[in-house]
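*Asks:* Numbering follows the working numbering, with no gaps: position 1119 of the sequence shown is 1134. For every residue, glycine included, the Cβ atom is placed at its ideal position computed from N, Cα and C. Below is one structure. I have some questions about it.
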Amino acid sequence: MPCLSSSASRVAIALILACAPLPALAASFTVSNGSTTTTAQSLAGTDTGTIESGGTLATSGSSISLGVATGAGVVLTNNGTITSGNRAIDTTSGATGILTVTNTGSITSTDDGFRINGTFASGTLVLTNSGSILAGGQGLDFDKANATSASVTIDNSGTIQSSGSDAVRLGGGTISLTNSGTITTTSDGKRAIKFDTAANVETLVSLTITNTATGEISGTDDGIKIAGAGSSTSAAVITIDNAGLITSTDGGQGIDLGDLVSTSLAITITNRETGTISASDNDAIMAGMNTTIHNYGQIIANYTTTSADDQNFDGVKFDGGSGTVYNYEGAVISGSYHGIKASGSSDDITVNNWGTIEGRNGSGVNSNGTGTVVNYGTISGTFDPAASFGDGDGVDFDGVGTITNYGSILGLGSKGIKPGETTPSTSEAIAIGGGTITNGSASERTALISGANNGILADDSNRGSILGALTVTNYGTIRGLDGYGIQIINDASFSNTIVNYGVISGTTFAVAMGNGDDLFVYQAGSSVTGGVMGQDGTDTLRLGEVSGTFDLSLLGDSATYQDFEVLDLMVGSAWTLSGTSSFTGATTVTSASLTLADASLAGSVVTVSGTGALLAGTGTIGGLMAGSGATIAPGLATNAIGTLSVAGAAQFASGSTYAVTVTSAGASDRIAVSGATTLSSGAGVAVNAMSGVYNMLQTYTILTSAGGVSGSFGSVTSNFAFLTPTLSYDSSAVYLTLSRNDVSFASVATTGNTRRAAAAVEAGGPNTALYNAVATGSIASSQDAFELLSGEAQASTGTTTFNQNQMVGDVIDGRLRQSGYAGATGAMAGLGAGGPTAYASTPVRTAGPFSSAPAAAPAAQSWTGWAQGYGQWNRIDGNGDASTLDSTVGGVLVGLDTQVNAWTLGFAAGYSWSTSSVAALGSQSDASTAQFALYGGTSFGALKLRFGGNLAYSDVDSSRVVVVGAVTERPTASYDGWSGGFFGEAGLALPLGPVAFEPYAQLAWSGVEMGSFSEAGAPVTGLSSSGLSFDTWYTTLGLRAAGSLMLGGVATLPHASIGWRHAYGDLTPAMAMTYLNTGTSFTTQGLPIAEDSVVLGAGLDVALGKGLTVGLSYDGAFGSSSQSNALRGSIGFSF
């Protein structure tokens, strides 16, 4: 600039400066309502500036300058109007401290609305705008405020608008912008929010942009752009949370983060349910490095001004980085080209979808690199009818990827030839370079992968060989509507796997595996429409891990499954094959089970090996190689006879087993070999005999070999206990012979009863049906048979009869105690409680807790009738010889007695019924019994004496179930028996306050005589017996106690007893038995009577008034291995 030297010039300049409005020195100010100030203002320190509502600050230059703030800082509030010919609000270059700016009014400027003109180191700005900021430059220009220590908070509920530039520019440090109003620019090619330089990105600590449901961020170029090209070290945290609208109206992106390439960045974009992020003629979102997108709303890219053929606009685009997209239920990501696109060849994206992702002239999800997709919603690609070309794939990964689908992945169609290509585009649900695809799960069978041409196409993205091995697991449906269900293009560099639980279909082929050594796994219940081609290489068809059936006619040249060289089974699986196959490859069964159901694999050598490996059934195979661990078992089931034909040679290696089933009729499994058979001495034969009566010497042909037999089996076993298998050979066959061994029947029995029964059976000799039925059984079945043959349940019936006698004695004893304590009061009356129901012919004193007893009538002869119902259930545990016995007894006893001097004398009669069962042996006996008894008792002061005897006649019906080999019979018998007993008892009444006691001693005898019988309906297993006889003495020492109390005004008599009972004499009932079939005899024993037991009693009698008394009593006996329980109820009337 030339120097101003003339005095005239200096004067002119001075006049100009004098006329111009000059900024005031920094000081607080107020522009009042209704006033206008044209002087620029400056604030610093703790100054405040206020433009009141109705006030105006209007300047030709910058209106307000903010400097260094101190303490609480500078506060600027505009409720009126600020107009500026330059910047409305500016800062000095060194501004710092706390700046608080609030605008509820109007700010209009020809340049920036508000600028921070420095790095703003250690500065804090809080800007709240609910009014309008209208600028010719930036609405907010904070680009220079890039100090790491800077903090900027913006809350906009009004309008921030630029007509000549970006609406908002941001710097570094920590930034928070919340918008519930409008941030927009009307200038061509400008952004609503822009973050401009790499330097700012490097100093950015965090950036949070929140756009609420009422917010709009709109640019003619990008809605939001965070630039920073060249920044590679930034570790900023960037968060964009949108519930409103973020959009570009003219060729920009809704959000552009494409320049952010630092791998240390953490970027999150959340688009809420009410949110929309959109763009016209560009991508809705251009993501940066490490971007994570959560979409609940809509992300839409449209084309409006470009032609359909020029569109290249994606809903979400990644370019040169990795990122993750979550698209939730109800959400939409839609691009006029791809829904989601990763452009770089090294890009790696992850997409989790529950909503809708669509490419309207391309792919739903597209990556030039690698990627991962988990889909629960719908992902689709189609073509635009307005375009001349379009490639509509659901998911298109040029590299390898991982795709898990529980929803729908759809390729809806394609059109034309893309530029640079020579063949028409095709539409695949999935196009991929290799990796893993899972369609559905065991519980999600509706998953769909469907392409207008191919369901899945695996190649290098240009019909060349795949870039990595591919594994496809399908539980749902994979279909190619005009091509392949699955097509793999492979130059043999990789081995691919397809596991099918669901449906795969194609109009050309269902599957083309490529030229590698590939594996196709057929699972039970799956299906294919169209062929499955293994193509070149060594390809395996595997039958999967679940058990199932497979039709062999589906395997072979020109069949559904073709070009396979190996058929095998999944380890641990079990498969049944039917039909006939032309398959000529190898069949391998390793630790699995294969059954032929009249099937033919005549062209295939079957190799069986490994723990648990099994080849069973009937049919034809091309050859047999039985390795270690293998079992070869002709026949369709364990107990079925069948022939396995071998068209070639057969070999049994060491550790293999030939399982042969034989019948008593002379039939057996057989292996018929057309070629030569080689046997190893380490191989063996296991014989399984079906039920039946076998000859003591029987021979079977178990293997024939037209080409000769070399070697021999090293061992032979069987499930027979008493027949020994042996093998013999000639030049073309192997024979099995069964012959009686020297193992005695009794040696395999496990108890005394069964050993005696077994010895009696064997004594009958081999000419008897019973002997033969036992001799051809296994050890286990023979042991069971001897249990059933022992007839022990018949002997145990005597134990039940003994218990029944004791029960009758207890009832009579109860009646004598009731009579002996008649007329007693208080607790003493309780010692007579629990007896039977009694009826007196004349009024007598009855036991009861009454304050006084009715007067006696000594001159009159009185008779008392009584009745007692009883029930008892018993269990005697098995003792290792006889099995557990359960029995129930029920009955009624009625009696009549009278007083003769000091004696009570009477008689009784009754009827009872009982059931005894041995559940383990299927045995039961039912008895009906008539009872007769005489009794008497007297008292000598406190000493009570009681005596009684009974006699019973029983009619018994018994039934058993006996299974021995092939013999099953139900022996029954009917017989009678007598039983009886007597007892004598002494008790001493001891009153002790509210309780009375009676110690007692009892001596008793019981005898049982059961009659002879011969069982019917069992010619082989039936028994006869001369009967059973035993008698037993027993003593009981015990104590009874009773009380008297009033409960709710009701007289109540509780009573209890305890005693020790010891038995002498015959404790174990025994019966002599004879087999009807053999005439041989033995002795069987029932369960013993308990030698020592505890007897318990308890009960309660209640006097309800007007001569009515009710009672309930329990009696129990508990031995070391037995228990019995009885209940007695009574109702008494006195009149």
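1) Does the distance from the CB of arginine 184 to the CB of leucine 149 come in under 9 angstroms?
2) Tell me, please, which residues DSSP counts as bridged to valine 971.
3) Starting from arginine 685, trace the beta strand (DSSP E) in both directions and tell me its first and last residue.
4) Does the segment 437-452 come close enough to the segment 481-494 that 3 or more CB-CB pairs lie under 8 angstroms?
5) Which residues in the same chain have their Cβ closer than 8 angstroms to the Cβ of serine 683, if we skip the five residues on either side of it in sequence?
6) My assumption, with CB atoms under 8 angstroms, is that glycine 234 sits in contact with alanine 207. Please give the rounded CB distance.
7) Are the segment 215-228 and the segment 181-197 touching by the rule of at least three beta carbon pairs closer than 8 angstroms?
8) Count the C-beta pairs between the segment 1027-1037 and the segment 986-994 that are closer than 8 angstroms, then say yes if the count reaches three, no if not.
9) With a CB to CB cut of under 6 angstroms and the five nearest residues on each side skipped, what residues in its chain are close to threonine 693?
10) Which whole-angstrom value is the C-beta distance of glycine 379 and glycine 396, which I expect to be below 8 angstroms?
11) Take the Cβ of histidine 353 as the centre, count every other Cβ of all protein chains shown within 10 Å, and call the residue buried at 16 or more, exposed below.
12) Taking just the CA atoms, how far does asparagine 342 sit from isoleucine 308?
13) Which residue marks the beginning of the beta strand (DSSP E) containing glutamine 666, and which one marks its end?
14) With H, G and I counted as helix, E and B as strand and the rest as coil, what does DSSP make of phenylalanine 1097?
15) Mind checking histidine 1152: buried by the 16 CB within 10 Å criterion, or exposed?
16) Taking 9 angstroms as the cut-off, decide whether the C-beta atoms of valine 604 and valine 623 are in contact.
17) Any beta carbon from chain C within less than 9 angstroms of serine 954's own beta carbon?
18) Please classify glutamate 777: is it buried, with 16 or more other beta-carbons within 10 angstroms of its beta-carbon, or exposed?
19) Which residue's Cα is closest to the Cα of alanine 9: Thr553, Ser608, Gly1002, Leu558?
20) At the level of alpha carbons, what is the spacing between threonine 14 and tryptophan 928?
21) DSSP three-state call for arginine 494: helix, strand or coil?
22) With DSSP as the reference, identify every bridge partner of tryptophan 918, one or two as the case may be.
23) Within a Cβ cutoff of 7 angstroms, which residues of the same chain sit near alanine 422, ignoring the five residues on either side of it in sequence?
24) Between which two residues does the alpha helix (DSSP H) containing alanine 800 stretch?
25) Between Gly1053, Gly921, Ala800, which has its C-alpha nearest alanine 935's C-alpha?
26) Indicate the three-state DSSP secondary structure (helix, strand or coil) for leucine 275 in the structure shown.
27) So what does DSSP say about methionine 1061, is it helix, strand or coil?
28) For the alpha helix (DSSP H) containing asparagine 820, name the first residue and the last one.
29) From Gln326, Asp413, Gly312, Gly370, pick the residue whose C-alpha is nearest to that of serine 361; which is it?
30) Using the three-state DSSP reduction, which class does leucine 936 fall into: helix, strand or coil?
31) Quick check on this structure: which residue in Ala736, Ile261, Gly407 has the alpha carbon closest to the alpha carbon of glycine 980?
32) Between the alpha carbons of threonine 512 and leucine 659, how many angstroms are there, rounded?
33) When you compare only the Cα positions, how much space is there between serine 277 and glycine 384?
34) Hey, is the segment 789-797 in contact with the segment 1103-1120, meaning 3+ C-beta pairs nearer than 8 angstroms?
35) Nearest by alpha-carbon distance to valine 1010: which of Gly1058, Tyr1049, Leu1127, Pro1069 is it?
36) Note down, in chain order, each residue of its chain lying with its Cβ closer than 6 angstroms to the Cβ of serine 597, except the 5 sequence neighbours on either side.
*Replies:* Quick answer:
1) As a working mapping, residue 184 is identified with position 169 in the sequence shown. As a working mapping, residue 149 is identified with position 134 in the sequence shown. No, these two residues do not count as a Cβ contact at 9 angstroms.
2) If you number the sequence shown from 1, residue 971 lands on position 956. Ala942, Tyr990.
3) Your numbering for residue 685 matches position 670 in the sequence shown. Going by DSSP, arginine 685 is part of the beta strand (DSSP E) stretching over 685-688.
4) Between the segment 481-494 and the segment 437-452, the count of C-beta pairs closer than 8 angstroms reaches three or more; the two stretches touch.
5) Taking the sequence shown and counting its residues from 1, one reaches residue 683 at position 668. Beyond the five residues adjoining it in sequence on each side, serine 683 comes within less than 8 angstroms, by CB distance, of Ile656, Val675, Thr676, Val677, Tyr715, Thr716, Ile717, Leu751 in the same chain, given in chain order.
6) As a first step, residue 234 must be located in the sequence shown, where it is residue number 219. As a first step, residue 207 must be located in the sequence shown, where it is residue number 192. A Cβ-Cβ distance of about 4 angstroms is found for the pair glycine 234 and alanine 207, placing them in contact under the 8 angstroms criterion.
7) Taking a cut-off of 8 angstroms for Cβ pairs, the segment 215-228 and the segment 181-197 touch, as three or more such pairs fall below it.
8) The segment 1027-1037, when compared against the segment 986-994, does touch it at the 8 angstroms Cβ threshold.
9) Translated into positions along the sequence shown, residue 693 becomes position 678. Answer for threonine 693: Gln666, Ser725, Gly726, listed in chain order.
10) In the sequence shown, residue 379 corresponds to position 364, counting from 1. In the sequence shown, residue 396 corresponds to position 381, counting from 1. With a Cβ gap of about 5 angstroms, glycine 379 and glycine 396 count as contacting.
11) Here residue 353 refers to the residue found at position 338 of the sequence shown. It counts as buried.
12) Within the sequence shown, the letter at position 293 stands for residue 308. Within the sequence shown, the letter at position 327 stands for residue 342. In this structure, the straight-line span from the alpha carbon of isoleucine 308 to that of asparagine 342 is close to 8 angstroms.
13) Your numbering for residue 666 matches position 651 in the sequence shown. Element bounds for glutamine 666: 665-667.
14) Residue 1097 sits at position 1082 when you count from the first residue of the sequence shown. Three-state result, phenylalanine 1097: strand.
15) Missing from the structure shown is residue 1152; the chain here goes from 16 to 1150 and no further.
16) By one-based count along the sequence shown, residue 604 stands at place 589. By one-based count along the sequence shown, residue 623 stands at place 608. Closer than 9 angstroms, so yes.
17) The displayed structure is made up of one protein chain only, and chain C is not part of it.
18) Walking along the sequence shown from the start, residue 777 turns up at place 762. So glutamate 777 ends up on the buried side.
19) Because the chain is modelled from 16 through 1150, residue 9 falls outside the range shown and cannot be assessed.
20) The structure shown does not extend to residue 14, since the chain spans only 16 to 1150, so no value can be given for it.
21) Taking the sequence shown and counting its residues from 1, one reaches residue 494 at position 479. If DSSP states are grouped into helix, strand and coil, arginine 494 belongs with the strands.
22) One-based indexing of the sequence shown puts residue 918 at position 903. Answer is Val915, Thr953, bridged to tryptophan 918.
23) For this step, residue 422 is matched to residue 407 along the sequence shown. It is glycine, not alanine, that sits at residue 422 in the sequence shown. Sequence-distant Cβ neighbours of glycine 422 in its own chain, meaning closer than 7 angstroms and more than five residues away, are Asn390, Tyr391, Gly392, Thr393, Ala462.
24) Taking the first residue of the sequence shown as 1, we reach residue 800 at position 785. Boundaries of the alpha helix (DSSP H) harbouring alanine 800: 794-804, taken from the DSSP string.
25) For this step, residue 935 is matched to residue 920 along the sequence shown. Per the Cα distances, Ala800.
26) Locating residue 275 in the sequence shown gives position 260, where the first residue counts as 1. In the three-state scheme derived from DSSP, where H, G and I count as helix and E and B as strand, leucine 275 is classed as coil.
27) Walking along the sequence shown from the start, residue 1061 turns up at place 1046. In this structure, DSSP gives methionine 1061 an extended state, which the three-state scheme calls strand.
28) For the purposes of this step, residue 820 is identified with residue 805 of the sequence shown, where counting begins at 1. 807-835 is the extent of the alpha helix (DSSP H) around asparagine 820.
29) Start at 1 with the first residue of the sequence shown, and residue 361 comes out as number 346. For the set Gln326, Asp413, Gly312, Gly370, the Cα lying nearest the Cα of serine 361 is the one of Asp413.
30) The sequence position of residue 936 within the sequence shown is 921, counting from 1. Three-state result, leucine 936: helix.
31) Position 965 of the sequence shown holds residue 980. Between glycine 980 and the set Ala736, Ile261, Gly407, the nearest pair of CA atoms involves Ala736.
32) Here residue 512 refers to the residue found at position 497 of the sequence shown. Here residue 659 refers to the residue found at position 644 of the sequence shown. Going from the Cα of threonine 512 to the Cα of leucine 659 covers about 33 angstroms.
33) By 1-based counting over the sequence shown, the position of residue 277 is 262. By 1-based counting over the sequence shown, the position of residue 384 is 369. Those two C-alpha atoms are separated by around 19 angstroms.
34) Result no; under three Cβ-Cβ pairs closer than 8 angstroms.
35) Against the sequence shown, residue 1010 aligns to sequence position 995. It is Gly1058 whose Cα lies nearest to the Cα of valine 1010.
36) Taking the sequence shown and counting its residues from 1, one reaches residue 597 at position 582. If we look at serine 597 and ignore the five residues flanking it on each side, its Cβ neighbours are Gly571, Asp572.
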